[in-house]
Amino acid sequence: YNLNVHVDEKNINKDLRESLKQSRYVDMDNSNYNFINSRLYIPGYFSISNIKLSEGKFDRKTAKAENGVILVRYSYQESLAKKGKVVLTNYKVGDTLNCTVYSYDSDGNEKQKEVKLKILAITDEILTGNKQYPETSFGVVAYDDLIHSLGIKDDESSSNSYYVATNQEKSTRDEVKKVAEENSLSVIDSIDE
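Just so we're aligned: the sequence shown equals residues 6 to 198 in the working numbering.
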């Protein structure tokens, strides 16, 4: 899901404030930084159970009760002076993210919903299916229960990306491609690239 994360300036890393104001991925609204390129990932129970947490705990029951998420600590930023991984904010476990979640109804019309997500855990990992940290934005991970508890309709047009981690064997990758084709899905195999 596409996600805008609204962050008050007091929570922004002081060293990044000026460069973020110039970023094409940030809309400024007074002293709020709106990170417009963020993502809410719903990778499934198995993938979530394999995420190495740097801080906090993440269990399904607590996550469902508190609109809990895992925050990806790092972001990739590129500016005129430098590029690399950065920490955008001073958020910690227990803090709340103010967000707008974007989804689409069955007719393809965009829907927006303002939500509050509680950071239950933080990871320093690049998420499965990604080659780098989110670019000047947030990566947020949740169980699929979150979408329903927020009242966001989950339909075919709002769930269009699936990441599959394999043992990288050609036979396994070919089987994934076969299943995808049988279900009218396209595949981007990062090993073939």
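Glycine included, C-beta positions come from ideal geometry on N, C-alpha and C.
Keep in mind it's a predicted model, so treat the numbers as computed, not measured.
Beta-carbon proximity check, residue i vs residue j, cutoff 7 angstroms
i: residue 41; j: residue 34; result: no
i: residue 74; j: residue 147; result: yes
i: residue 127; j: residue 76; result: yes
i: residue 115; j: residue 105; result: no
i: residue 95; j: residue 16; result: yes
i: residue 43; j: residue 143; result: yes
Closer than 7 angstroms to chain C by CB, residue i
i: residue 46; result: Of the protein chains in this structure there is only one, and it is not chain C.
Delimiting residues of the beta strand (DSSP E) encompassing residue i
i: residue 121; result: 115 to 128
i: residue 13; result: 7 to 13
Whole-Å CB distance - residue i paired with residue j, under 8 angstroms assumed
i: residue 132; j: residue 72; result: The pair is not a contact, with the Cβ atoms about 20 angstroms apart (cut-off 8 angstroms).
i: residue 65; j: residue 150; result: 7 angstroms
i: residue 8; j: residue 58; result: Between residue 58 and residue 8 the Cβ distance is about 20 angstroms, and since that is not below 8 angstroms, they are no contact.
i: residue 38; j: residue 14; result: 7 angstroms
Nearest residue (CA-CA) to residue i, options the options
i: residue 156; options: 107, 90, 143, 17; result: 107
i: residue 152; options: 141, 182, 23, 48; result: 48
i: residue 154; options: 116, 68, 43; result: 68
i: residue 125; options: 56, 81, 62; result: 62
Please give me, in chain order, every unbroken run of the beta strand (DSSP E) with length at least 3 that falls completely inside the segment 22 to 106.
Positions of the beta strand (DSSP E) runs, each at least 3 residues long and wholly inside the segment 22 to 106, are given as 31 to 34, 37 to 46, 58 to 61, 73 to 77, 79 to 83, 88 to 92 in order along the chain.
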